[in-house]
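Protein chains in written order, with this note's numbering: chain A, 624 to 958; chain B, 624 to 958.
All C-beta atoms, glycine included, are put in the ideal place defined by N, C-alpha and C.
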């Protein structure tokens, strides 16, 4: 790769795509060229980048010619169809979909956790699921010092995880409810305004939905530890942006809450938010737009000698998706 | 006690008080008289009962004369001040506050769990906290067949738990946010519209807030089992009414998900809601106004051989407060 890079964003008009564009600008990623790609439906849309107006192009067989790096965020099927073509054209693909995450030939990277694996790619590097990234950034610094045996995770996931249309749906539904009208779900299967429901990703034979299995399987791969036990309940809540998670951590040996706080205070990508007197801990409205995952309310588990309970909120679009992808790109070109 | 009863509702104008009035009507509680009591501020308000208009009276030293039964829902301080007076006047008090719940001389009753203890009172019977009631109605039928060792609970609690003003605040804040204005929290410490935060009950030295300790301590008392281990993270979400809970249950011996479903299908006060194909499980908008606690998504815990995960939603004002109190009253007069 050269000192500046020809980058294509696949899925440029989506919530994550737009955040990728903003992050490449604000983080001054060394660009020789920026190509915005989307479906034929969105082609022709214009988006601004560092004051310039860029036209979104429809993706075709020649889209990846003379491209060094593809940041893909257009869903699993699109990635399955297009990532091999991009790789064949000589590009490296950082894929935000779930298509390649569990492929043994594809590194699954969180820069704060397993940066050393970034170069073990064969053209594709996968970006983990949002709930996995937020959990792992917080849990990894503890796991390194005191290995974790088991995690019980409950999530509080915002509409943004289902894209820009889902965020718009919550807003319009909320207005409907306030006006005494029946909300009309289109993106989600059930109304989300003033309601919540278990995550609507496809159900599996295990009784876990795919979103929950991602937290389990991706964490094991990223940590390089297939022995770590995880159970998760993923819930969609009427929040626009930023996911929260209640984590119960069981370690093999006790880890004190004070030690955990000290470790998290020094951890990259994490900000400790705890004001016990004012009952002030991480909240999604405050995590929105931030790079760091907010963590707090770290306490000794009264039900287990080797347990800790903690609470986190993190921007799902940013660190949960776009920022992590850009960090992978930065890692890739830095070494 | 006679065959019909002179009942006073203390805190009649609150969200729970109004529900108590409705339940006494719809369940045809045998009333000789119904007295509605509140603070001087609310005195003079009129409320309807079976077509009659009743005037709310200010509570004073003579309020409990010639009263058989007091249903108290006016907060812990009011109960502490007034319940002993009511008992001295010869009334039995069913107290919805936390004031007497952990008093060893006060039975703490969920009619589906420990009805046999209702007569062991010395004038006061306590109604458990909403999150405790909803959890215990579901967990007890399992615990009786296969004893539970440990529970990890995460809650999704609606505004109604903080009263009618809190519900109004979420509505007005939501309108503000949709109109581009800053939400202005008064009842809650932080904005709840399109946001969520850890439960704002007073923090304790354990790092758990009081709401969380209630789930732990009240469950042990109600189950009559001080060995059961519980940890809880209580979270306030922007829902108007009905709480939800993600429960991870660890049994001493394995209990299959199928057996648990069978037990819960037969359990009183519980409705199994599971349509796996349509990803349809309990939701707070559907639990609102129902007597039963909705439970579903019962599955084998992939992280523990003796574990089950499940999900519930229940009407916090109804079974979580007013209904349970009326059921205690019914139990008291039935035997």
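Within-8 Å CB hit, residue i to chain A
| i | result |
| --- | --- |
| residue 925 (chain B) | yes |
| residue 775 (chain B) | yes |
| residue 922 (chain B) | yes |
| residue 894 (chain B) | no |
| residue 856 (chain B) | yes |
| residue 852 (chain B) | yes |
| residue 839 (chain B) | yes |
Under 9 Å by beta carbon: chain B residues contacting residue i
| i | result |
| --- | --- |
| residue 862 (chain A) | 817, 818, 819, 860, 861 |
Closer than 8 Å at the beta carbon, the chain B residues around residue i
| i | result |
| --- | --- |
| residue 758 (chain A) | Chain B residues near residue 758 (chain A): none, gap ~14 Å exceeds 8 Å. |
| residue 910 (chain A) | Those do not exist, as residue 910 (chain A) stays about 10 Å from chain B at its closest Cβ, beyond 8 Å. |
Any chain B beta carbon closer than 8 Å to residue i
| i | result |
| --- | --- |
| residue 801 (chain A) | yes |
| residue 624 (chain A) | At residue 624 (chain A), the pLDDT of 47 sits below 50, so the modelled position is not reliable; the number obtained from the coordinates is stated separately. Closer than 8 Å: no. |
| residue 932 (chain A) | yes |
| residue 750 (chain A) | no |
| residue 811 (chain A) | no |
| residue 754 (chain A) | no |
| residue 794 (chain A) | yes |
| residue 867 (chain A) | yes |
Chain A residues whose Cβ lies nearer than 8 Å to that of residue i
| i | result |
| --- | --- |
| residue 880 (chain B) | 830 |
| residue 928 (chain B) | The premise fails here: residue 928 (chain B) is roughly 10 Å from chain A at the closest Cβ pair, so nothing lies under 8 Å. |
| residue 787 (chain B) | Neighbours of residue 787 (chain B) on chain A: none; closest Cβ ~16 Å, over 8 Å. |
| residue 779 (chain B) | 779, 819, 858, 860 |
Buried versus exposed call for residue i [16 or more other C-beta atoms within 10 Å across all chains shown]
| i | result |
| --- | --- |
| residue 633 (chain B) | buried |
| residue 718 (chain A) | buried |
| residue 760 (chain B) | buried |
| residue 928 (chain B) | exposed |
| residue 924 (chain A) | buried |
| residue 939 (chain A) | buried |
| residue 664 (chain A) | exposed |
| residue 624 (chain A) | Summary for residue 624 (chain A): the model assigns pLDDT 47, below 50, so the residue's position carries little reliability, and this model does not support an answer. |
| residue 728 (chain B) | exposed |
| residue 684 (chain A) | exposed |
| residue 921 (chain A) | buried |
| residue 947 (chain A) | buried |
| residue 881 (chain B) | exposed |
| residue 742 (chain A) | exposed |
| residue 822 (chain A) | buried |
| residue 780 (chain A) | buried |
| residue 960 (chain B) | Residue 960 (chain B) lies beyond the residue range present for chain B, which begins at 624 and ends at 958; the question has no answer from this structure. |
| residue 891 (chain A) | exposed |
Beta-ladder partner(s) of residue i, from DSSP
| i | result |
| --- | --- |
| residue 871 (chain A) | A:775, A:932 |
| residue 672 (chain B) | B:675 |
| residue 954 (chain B) | Looking at the DSSP assignment, residue 954 (chain B) forms no beta bridge with any residue, so it has no partner. |
| residue 835 (chain A) | Paired residue(s): none; residue 835 (chain A) is not in a bridge. |
| residue 826 (chain B) | B:832 |
| residue 628 (chain A) | A:654 |
| residue 756 (chain A) | Answer is none; residue 756 (chain A) lacks a bridge partner. |
| residue 820 (chain A) | A:859 |
| residue 854 (chain A) | A:775 |
Within chain B, partners of residue i - CB distance below 7 Å
| i | result |
| --- | --- |
| residue 842 (chain A) | Simply none; closest approach about 11 Å. |
Partners in chain D for residue i, counting only beta-carbon separations shorter than 7 Å
| i | result |
| --- | --- |
| residue 846 (chain B) | Considering every chain present, this structure includes no chain D. Its protein chains are A and B. |
Interface partners of residue i on chain A, CB under 9 Å
| i | result |
| --- | --- |
| residue 904 (chain B) | 820, 821 |
| residue 899 (chain B) | 826, 830 |
Neighbour list for residue i in chain A, Cβ cutoff strictly below 7 Å
| i | result |
| --- | --- |
| residue 798 (chain B) | 801 |
| residue 871 (chain B) | 775, 854 |
| residue 814 (chain B) | 908 |
beta-carbon residue i near the ligand GTP non-hydrogen atom, thresh 7 Å
| i | result |
| --- | --- |
| residue 715 (chain A) | The ligand GTP is not part of the structure shown, which contains no ligands of any sort. |
- request: Determine, using beta-carbon pairs with one atom in the region 815-835 of chain A and one in the region 730-738 of chain A, whether at least three such pairs fall under 8 Å.
  value: no
Is it the case that the region 715-722 of chain A contacts the region 690-697 of chain A, given that we only count it when at least three CB pairs across the two stretches are under 8 Å? yes
Does the pairing of the region 631-647 of chain B with the region 776-794 of chain B give three or more beta-carbon distances under 8 Å? yes
*Three or more beta-carbon pairs under 8 Å between the region 767-777 of chain A and the region 851-861 of chain A, yes or no?*
yes
- Query: Would you call the region 698-712 of chain A and the region 639-655 of chain A in contact, with 3 or more CB pairs under 8 Å?
  - Reply: no
* Asked: Is the region 869-879 of chain A in contact with the region 890-904 of chain A, if contact means three or more CB pairs nearer than 8 Å?
  -> no
Item to complete: Pair every Cβ in the region 832-845 of chain A with every Cβ in the region 747-760 of chain A, then say whether three or more of these pairs are closer than 8 Å.
Response: yes
On the three-pair Cβ rule with 8 Å, is the region 856-868 of chain A touching the region 825-845 of chain A? yes
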